[in-house]
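24 is the number of the first residue of the sequence shown in the working numbering; add one for each residue after it.
Have a look at the structure below before the remarks.
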Amino acid sequence: MDVHTKIDVEVVSQLAKLPLSEAEKTKFSIQLEEIMAFVDELSLVDTTGVNETAQVTEKNNEKRDDIAKESLSVGDVVVNAPQSEGSFIVTKGVFDES
24 MDVHTKIDVE
34 VVSQLAKLPL
44 SEAEKTKFSI
54 QLEEIMAFVD
64 ELSLVDTTGV
74 NETAQVTEKN
84 NEKRDDIAKE
94 SLSVGDVVVN
104 APQSEGSFIV
114 TKGVFDES
């Protein structure tokens, strides 16, 4: 890693709130160095005469027309649900309330 400062995995793990073991820190440090070395290879590419660009397809904010289409009624949807209560579909809880 010539160009880049060594990535401090300890700091990154703290910022990401990821508890890492010493073995994981060593492993990720090696992997990050390999990734940065790979990215550094891009600086070897000759881009003389190549214009800078952020968009290569020349498409800009293409949107489809908003066309209203017929949809299923609430009753048709609920009747196909494995479990329902009135006009609602019953699902497994998402949030732990303990």
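By construction, the Cβ of each residue, glycine as well, lies at the ideal position given by its N, Cα and C atoms.
Remember, it's a predicted structure, so these values are computed and weren't measured experimentally.
Excluding sequence positions up to five away, which residues of its chain have a Cβ less than 7 Å from the Cβ of residue i?
i	result
G72	none
Grab me the residues of residue i's own chain with a C-beta within less than 6 Å of its C-beta, minus the 5 sequence neighbours each way, in chain order.
i	result
S52	V32
Indicate the three-state DSSP secondary structure (helix, strand or coil) for residue i in the structure shown.
i	result
S36	helix
Measure the Cβ-Cβ separation of residue i and residue j and say whether it is below 9 Å.
i	j	result
F111	V102	no
S36	K50	no
I30	L55	yes
V113	Q106	yes
Suppose only complete runs of 4+ residues qualify. What are the alpha helix (DSSP H) ranges in the segment 44-96, listed by chain order? 45-63
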